[in-house]
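Undergrad:
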Amino acid sequence: MRLLIMGAPGAGKGTYAEGISKHFGIPHISTGDIFRQAMQEETPMGILAKSFIDKGHLVPDDVTNEIVKERIQKADCLDGFLLDGYPRTTQQAVEFDKILKVLEIKLDVVVNLLVDESLIVSRIVNRRLCPTCGKGYNLITLKPKQDGVCDDCGTELYQRKDDNEETIKSRLSVYNEQTKPLIDYYNKQNVLLNVNGEGDAKVVTKEIIQAIEEF
Ligand code: AMP
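So for the sequence shown, the numbering used here puts the first residue at 1; every next one is plus one.
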C-alpha cells in the first residue's frame with residue numbers, strides 16, 4: 001500500500017499517519033520529521049532546512065525531492081509507505097511522479113484531510129510533541145495523562161519552534177498558494193480521497209483506515 005497524506009498545517013497529518021501506517025504495516029515517512037531530526041543533529045542539510053522552516057517557508061524542492069527519493073528506496077518501503085507532508089508543491093509532485101515511474105510503482109491513495117481553518121490555529125498552538133518517540137499531543141483534545149510528559153516513554157514534551165502564531169500565518173499562506181493545487185492534481189489522477197479531519201483522533205483514524213480499504 002503506497003499512500004500520501006496531505007492537508008493544511010495542523011490538519012492532523014502526523015497524528016492520523018501514525019495510526020494508519022501501523023494498521024497497514026508500512027513506514028510513516030514525514031519530511032517534516034526528517035528535517036527536524038537533521039536540525040537537531042545540526043547536519044549541513046539540517047542547518048539549511050532550519051533557515052527556511054523557522055520562517056514558515058518551504059525547504060527547496062531539489063533538497064526535499066532527493067531526500068524522499070532516497071528514503072522510499074530503503075528496504076522497509078518494499079511493501080509500501082505512507083508519505084506525510086510530501087509533496088507540497090506542483091514541482092515536487094511532478095518530480096515524485098517521475099521517481100515512481102522509474103521505480104515502476106504507483107500510488108494507491110492520496111488522503112486529503114479536510115479541517116476548518118478556524119480550528120487550525122488552535123490545533124497548532126496547542127500541539128506538543130515527544131522528542132524521543134515522536135508521539136503528538138494536543139493540550140485540549142489529546143492531552144497526555146500526566147501534564148507535559150509522554151504517555152508512552154515518559155519524556156518531557158516540547159513545542160515546535162515553528163508552532164507560533166506568526167509562523168503559522170506564513171505556513172498557511174504557503175499551503176494555500178503552493179500545496180492546495182495538489183488536491184486537483186491528484187483528483188485528476190483518480191487517487192484522491194477526501195476525508196473529514198475533525199473530531200476525536202482515534203475515531204477519525206478508524207474512519208480514514210476504513211475509507212482507504214473501501215477506496
Ligand atoms: P510539517 O512537520 O509537515 O509541518 O513540516 C514542517 C516544516 O518542514 C514545513 O513548514 C516546511 O518548512 C518543511 N517541510 C516539510 N515537508 C516539506 C516539503 N515537502 N517541502 C518543503 N518543505 C517541507
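Where is the CB? At the ideal position from N, CA and C, for every residue including glycine. All values derive from a computational prediction rather than experimental measurement.
According to DSSP, is N112 helix, strand or coil?
TA: Three-state DSSP puts N112 in a strand.
Undergrad: Expressed to the nearest angstrom, what Euclidean distance is found between the alpha-carbon atoms of L129 and Y86?
TA: So the alpha carbons of these two residues sit roughly 20 Å apart.
Undergrad: Going by beta carbon distance, what residues of the same chain come within less than 8 Å of L142, once the five residues before and after it are set aside?
TA: T15, G136 and A201
Undergrad: Measure the C-alpha to C-alpha separation of K161 and D54 and round it to an integer number of angstroms.
TA: 7 Å
Undergrad: Going by C-alpha distance, which of I212, I105, R123 and S51 is nearest R69?
TA: Residue identity differs from the one stated: residue 69 is Lys in this sequence, not Arg. Nearest C-alpha to K69: I105.
Undergrad: With respect to 6 Å, is the separation between the Cβ of T90 and the closest non-hydrogen atom of the ligand AMP below this value?
TA: no
Undergrad: I'd like to confirm something about F81: is its beta-carbon nearer than 6 Å to some heavy atom of the ligand AMP, or not?
TA: The beta carbon of F81 sits no closer than 6 Å to any heavy atom of the ligand AMP.
Undergrad: Keeping to the same chain, check which residues put their C-beta closer than 6 Å to that of I140; ignore five residues upstream and five downstream.
TA: So the list reads N126, once near-sequence residues are dropped.
Undergrad: Look up F24 in the DSSP assignment and say whether it is helix, strand or coil.
TA: helix
Undergrad: Quickly, what does DSSP pair R128 with across the bridge? List them, please.
TA: Y137
Undergrad: Any idea which residues DSSP pairs Y158 with across the strands?
TA: L129
Undergrad: Reducing DSSP to helix, strand and coil, say where L100 ends up.
TA: Three-state result, L100: helix.
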